[in-house]
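Following: one structure in structure tokens, then a few remarks.
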Amino acid sequence: MSAHSSSSLSIRDLHASIGDKPILKGLTLDIPKGEVHAIMGKNGAGKSTLAKIMAGHPDYTVTSGDVLLDGESILGLEPDVRARLGLFLAFQYPMEIPGVTIANFIRAALQARLPEGEELEATDYYAKLYAKMDALSVPRNFTSRSVNEGFSGGEKKRCEILQMAMLEPSYAVLDETDSGLDIDALKIVSAGVNALRGPNIGMLVITHYQRLLDYIVPDKVHVMSEGRIIHSGDKDLALKLEAQGYDWVEKEFGESGTKAA
Amino acid sequence: MSTETKPDIDIDRSVGDFRYEMDYAFDAGVGLTEATIDYISDVKGDPDWVRAFRKEGYRKFLEKPMPTHWATKDLESIVFENIRYYLSQGQIPKRTWDEVPDDIKRTFERLGIPEQERKFLSGVEAQFDSEAAYSNIKAAVGEQGVIFVGSSEGLKEHPEIFKKWFGKVIPSGDNKFSALNSAVFSGGSFIYVPPGVKVKHPLQAYFRINAQNFGQFERTLIIVDEGAELTYMEGCTAPKFETATLHSAVVELVAMKGAKIQYITVQNWSSNVFNLVTKRGIAHEDAEVKWIDCNIGSRLTMKYPGVVMKGKGARGEVVSIALAGDGQHQDTGAKMIHAADNTTSNIISKSISLGTGRSTYRGMVHVPKHLKGCKNNTECDALLINTNSRTDTYPAISVRGQGNAVQHEASVSQISSEQIFYMQQRGLSEAAAMSLAVNGFVNDLVQQFPMEYSVELKRLIDLEMEGSVG
Ligand SMILES: Nc1ncnc2c1ncn2[C@@H]1O[C@H](COP(=O)(O)OP(=O)(O)OP(=O)(O)O)[C@@H](O)[C@H]1O
Ligand SMILES: [Mg+2]
Numbered sequence: 043m044s045a046h047s048s049s050s051l052s053i054r055d056l057h058a059s060i061g062d063k064p065i066l067k068g069l070t071l072d073i074p075k076g077e078v079h080a081i082m083g084k085n086g087a088g089k090s091t092l093a094k095i096m097a098g099h100p101d102y103t104v105t106s107g108d109v110l111l112d113g114e115s116i117l118g119l120e121p122d123v124r125a126r127l128g129l130f131l132a133f134q135y136p137m138e139i140p141g142v143t144i145a146n147f148i149r150a151a152l153q154a155r156l157p158e159g160e161e162l163e164a165t166d167y168y169a170k171l172y173a174k175m176d177a178l179s180v181p182r183n184f185t186s187r188s189v190n191e192g193f194s195g196g197e198k199k200r201c202e203i204l205q206m207a208m209l210e211p212s213y214a215v216l217d218e219t220d221s222g223l224d225i226d227a228l229k230i231v232s233a234g235v236n237a238l239r240g241p242n243i244g245m246l247v248i249t250h251y252q253r254l255l256d257y258i259v260p261d262k263v264h265v266m267s268e269g270r271i272i273h274s275g276d277k278d279l280a281l282k283l284e285a286q287g288y289d290w291v292e293k294e295f296g297e298s299g300t301k302a303a
Numbered sequence: 004m005s006t007e008t009k010p011d012i013d014i015d016r017s018v019g020d021f022r023y024e025m026d027y028a029f030d031a032g033v034g035l036t037e038a039t040i041d042y043i044s045d046v047k048g049d050p051d052w053v054r055a056f057r058k059e060g061y062r063k064f065l066e067k068p069m070p071t072h073w074a075t076k077d078l079e080s081i082v083f084e085n086i087r088y089y090l091s092q093g094q095i096p097k098r099t100w101d102e103v104p105d106d107i108k109r110t111f112e113r114l115g116i117p118e119q120e121r122k123f124l125s126g127v128e129a130q131f132d133s134e135a136a137y138s139n140i141k142a143a144v145g146e147q148g149v150i151f152v153g154s155s156e157g158l159k160e161h162p163e164i165f166k167k168w169f170g171k172v173i174p175s176g177d178n179k180f181s182a183l184n185s186a187v188f189s190g191g192s193f194i195y196v197p198p199g200v201k202v203k204h205p206l207q208a209y210f211r212i213n214a215q216n217f218g219q220f221e222r223t224l225i226i227v228d229e230g231a232e233l234t235y236m237e238g239c240t241a242p243k244f245e246t247a248t249l250h251s252a253v254v255e256l257v258a259m260k261g262a263k264i265q266y267i268t269v270q271n272w273s274s275n276v277f278n279l280v281t282k283r284g285i286a287h288e289d290a291e292v293k294w295i296d297c298n299i300g301s302r303l304t305m306k307y308p309g310v311v312m313k314g315k316g317a318r319g320e321v322v323s324i325a326l327a328g329d330g331q332h333q334d335t336g337a338k339m340i341h342a343a344d345n346t347t348s349n350i351i352s353k354s355i356s357l358g359t360g361r362s363t364y365r366g367m368v369h370v371p372k373h374l375k376g377c378k379n380n381t382e383c384d385a386l387l388i389n390t391n392s393r394t395d396t397y398p399a400i401s402v403r404g405q406g407n408a409v410q411h412e413a414s415v416s417q418i419s420s421e422q423i424f425y426m427q428q429r430g431l432s433e434a435a436a437m438s439l440a441v442n443g444f445v446n447d448l449v450q451q452f453p454m455e456y457s458v459e460l461k462r463l464i465d466l467e468m469e470g471s472v473g
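For the record, the sequence lines run as chains X and Y. Under the working numbering, the first residue of the first sequence carries the number 43, and numbering increases by one thereafter. Under the working numbering, the first residue of the second sequence carries the number 4, and numbering increases by one thereafter.
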């Protein structure tokens with residue numbers, strides 16, 4: 043295995059549980075800046091759990107292993123500190139925040155990144171917000187709607203990407219951002235994500251559908267099963283998974299397979 | 004490695020928590036007897052009828068029981084013998100800030116009152132302990148015949164209007180604390196708006212408690228004549244003391260035919276203040292009385308602004324926001340008395356309880372049998388921040404008769420840890436996330452406030468939340 047570059051989001055032999063139920067069982071993954079990786083895997087494999095643990099969700103306990111952001115462990119940090127260090131999570135199920143408008147929410151998030159005493163410039167902010175909204179075909183009147191409240195499934199996902207575009211993270215985890223999107227929305231959101239691709243961001247895309255990877259072409263595809271990455275490949279792996287399902291990988295590389303080897 | 008410093012709970016960064024030492028020229032001493040009342044009457048040069056009114060109030064105060072049985076036992080912690088009932092440096096409010104004694108002026112400057120006055124107010128009265136130190140109205144508003152003076156000046160200079168309504172909306176024996184106020188009242192505003200005059204910018208009063216073990220008992224009477232309109236705002240603060248302080252005001256509003264009164268309160272009492280206030284308005288035919296009431300801070304607040312809809316087509320509205328911080332109790336609500344046909348009342352109450360804070364909604368809506376075409380809408384929503392926070396709702400709605408409609412909705416919600424995590428994931432600290440969610444909860448009500456006050460309210464909520472998370 044190649045040496046871990048310090049410009050990467052790096053997960054090392056991570057074990058984590060909820061209560062006394064282990065969910066991640068020795069997961070290792072390295073996402074260098076500039077690359078897009080995809081994770082696929084059956085329902086319940088632990089994909090969302092991995093995303094939430096990286097983001098610092100308080101319900102999960104990391105029992106061993108580490109998560110490094112550009113070479114520094116982030117495991118001891120509060121979720122908001124991790125976020126301000128550049129980690130972004132597009133949620134599989136985004137939360138509703140009644141009474142807090144999208145515009146105020148994103149503004150507060152940006153304000154939180156400024157040094158104390160410095161104020162976000164309102165006109166610049168709105169100019170940027172409107173530009174990003176237009177690009178993602180989010181109607182402008184959404185600025186005054188409460189965060190995710192009464193949004194359709196697809197609107198919520200689009201709004202997650204809008205937030206990502208505004209916050210400009212250095213690492214982003216997209217948890218099933220494609221589910222619930224119609225074909226047109228899928229194209230718009232993918233174009234939005236692709237527009238953010240570049241040498242300054244590393245992305246981890248969690249999906250069940252190979253189709254997304256036609257639009258957001260990954261550098262690597264990983265298969266997750268029972269809390270571990272059991273197999274990795276290039277984008278063709280997704281095609282094979284789509285055609286043949288997970289049984290063959292799990293047989294060949296999974297828990298039982300490893301033991302047999 | 005970057006670490007977050009958690010906000011320090013002991014540091015109170017609220018704007019109101021400071022105090023300068025004072026010498027008082029007039030001091031009624033500690034405790035309450037007939038002699039205290041005579042002292043106050045003498046110092047203020049009360050006419051005989053006012054002295055008699057005070058003594059009557061005192062008798063009723065002694066007679067009335069403490070409402071501990073339906074409200075809270077904490078009322079028993081008020082030791083009336085330990086309270087100072089009158090403290091002032093002088094009894095005549097000044098018309099310019101230059102004339103206000105420096106030690107009082109610096110308090111109000113620090114609170115930003117002169118600046119607000121210049122920016123967006125038609126007039127200001129600033130009360131320091133028992134008396135107004137400053138009272139002024141912009142010339143253009145005065146020229147329209149609007150009267151805005153302290154209550155003492157009102158009763159002496161304008162007895163023909165004052166006497167007609169004083170103690171009529173809220174009789175001194177209404178409750179134990181209105182009786183107490185009637186006995187020892189000092190300060191507060193007297194306002195009269197002549198027929199048809201629409202006062203463009205708000206008039207504001209600011210009430211400041213500076214002394215320890217002190218009771219502030221201002222008395223406000225506002226009469227808005229036919230077809231006239233007024234917005235009045237009041238703000239209040241006190242520094243933090245070890246011992247209990249009492250604030251017990253009486254506010255009476257009279258809206259004549261077709262008049263509109265909007266009365267806005269943003270109180271930010273320190274956590275040792277017992278705030279026991281009686282507020283009521285009469286709305287004559289087609290008139291409208293609207294109370295916007297924000298209760299933040301205090302140890303115990305009991306306040307149920309009311310509207311008596313006396314004339315046909317009158318409207319009453321109470322919009323209230325209460326925030327009960329750790330150890331605090333906000334017992335608030337509204338009273339709507341329908342006394343004519345086709346009258347409409349609306350109550351919207353939102354409360355937030357954090358830590359061991361407790362908020363209680365207590366409502367009373369009364370529509371007697373013989374009336375028709377009356378409507379009431381009541382909504383009360385409670386937000387609980389911690390698992391040990393508490394909320395109670397006591398809506399007493401008695402609506403009789405045909406063709407009267409009543410609608411009541413109540414909800415209790417919590418900010419979930421998933422919502423906080425979501426917001427934190429966007430970079431907001433836990434305290435900032437809490438603040439944002441709480442501000443979101445009251446957002447639709449805050450929209451109804453004048454800009455300056457909604458900004459102030461947001462700042463107060465942020466301060467409360469900042470102190471409570473960590
Ligand atoms: N809070 C929790 N309490 C109990 N079990 C949990 C909790 N969170 C996750 N799990 C369990 O952990 C396992 C992994 O869940 P996770 O949501 O990470 O799966 P996933 O790979 O994202 O699945 P999907 O493809 O359906 O989104 C599941 O068995 C799930 O039930
Ligand atoms: Mg999932």
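We treat Cβ as the ideally placed atom computed from N, Cα and C, and that holds for glycine.
- Think of a sphere of 8 Å around the beta carbon of residue 126 of chain X: the chain Y residues whose beta carbon falls inside it are 430, in chain order.
- Across the structure, residue 201 of chain X and residue 87 of chain X are spaced so that their CA atoms are roughly 26 Å apart.
- Taking 7 Å as the cut-off, the Cβ atoms of residue 257 of chain Y and residue 184 of chain Y do not count as close.
- Residue 421 of chain Y belongs to the set of residues whose beta carbon lies under 7 Å from a beta carbon in chain X.
- For residue 287 of chain X, the number of other beta carbons within 10 angstroms of its own is below 16, and it is reported as exposed.
- Contact of residue 122 of chain X with chain Y by beta-carbon distance below 9 Å involves 7, 426, 427, 428, 429, 430, 431, 432, 433, 435 and 436.
- Listed by position in the chain, the residues whose beta carbon lies within less than 7 Å of some heavy atom of ligand 2 are X:89, X:90, X:134, X:217, X:218 and X:248.
- In the assembly as shown, residue 166 of chain X is an exposed residue. Its beta-carbon has fewer than 16 other beta-carbons within 10 Å.
- Closest by C-alpha distance to residue 115 of chain Y, out of Y:39, Y:207, Y:159 and Y:38, is Y:207.
- Nearest Cα to residue 76 of chain X within the set X:49, X:256, X:266 and X:218: X:49.
- Taking the Cα of residue 367 of chain Y as reference, the smallest distance to any Cα among Y:297, Y:175, Y:396 and Y:354 is reached at Y:396.
- Looking from the CA of residue 250 of chain Y, the closest CA among Y:131, Y:56 and Y:142 belongs to Y:131.
- Per DSSP, the beta-bridge partners of residue 383 of chain Y are Y:352 and Y:413.
- Those residues of the segment 446-458 of chain Y placed with their C-beta closer than 7 Å to a C-beta in chain X are 446 and 447, ordered along the chain.
- Listed by position along chain X, the residues whose Cβ is nearer than 8 Å to that of residue 439 of chain Y are 139, 142, 146, 147 and 150.
- Under the Cβ distance rule, residue 155 of chain X counts among the residues neighbouring chain Y, one pair being separated by less than 7 Å.
- Relative to ligand 1, the nearest heavy atom lies less than 6 Å away from the CB of residue 86 of chain X.
- Residue range 63-74 is occupied by the beta strand (DSSP E) that includes residue 69 of chain X.
- When the beta-carbon positions are compared, residue 342 of chain Y and residue 350 of chain Y stay at least 7 Å from each other.
- The alpha-carbon separation between residue 66 of chain Y and residue 364 of chain Y amounts to approximately 27 Å.
- The beta carbon of residue 444 of chain Y falls within 7 Å of a beta carbon belonging to chain X, placing the residue at that interface.
- Under the DSSP assignment, residue 363 of chain Y falls in the beta strand (DSSP E) whose first and last residues are 361-370.
- Note on geometry: alpha-carbon atoms of residue 267 of chain X and residue 245 of chain X lie some 20 Å from one another.
- Put simply, of X:210, X:216, X:252 and X:217 the residue whose alpha carbon is nearest the alpha carbon of residue 241 of chain X is X:210.
- Chain Y places a beta carbon closer than 7 Å to that of residue 97 of chain X, counting this residue as a contact.
- The segment 238-250 of chain Y makes no contact with the segment 139-151 of chain Y; the number of CB pairs closer than 8 Å stays below 3.
- Of all residues in the segment 203-230 of chain X, only 205 and 209 place a beta-carbon less than 9 Å from a beta-carbon of chain Y.
- Per the coordinates, the alpha-carbon of residue 142 of chain Y lies some 45 Å from the alpha-carbon of residue 409 of chain Y.
- For residue 83 of chain Y, same chain residues with a beta-carbon under 7 Å away, outside a window of 5 residues either side, are 35 in chain order.
- Judged by DSSP secondary structure, residue 248 of chain Y falls within the beta strand (DSSP E) whose first and last residues are 248-250.
- From the beta-carbon of residue 133 of chain X, the residues of chain Y found nearer than 9 Å are 425 and 428.
- The straight-line gap separating the alpha-carbon atoms of residue 227 of chain X and residue 238 of chain X is approximately 17 Å.
- The CB of residue 188 of chain X comes closer than 9 Å to the CB of 443 and 446 in chain Y, given here in chain order.
- Taking a 10 Å sphere around the C-beta of residue 416 of chain Y, we find fewer than 16 other C-beta atoms and assign the residue as exposed.
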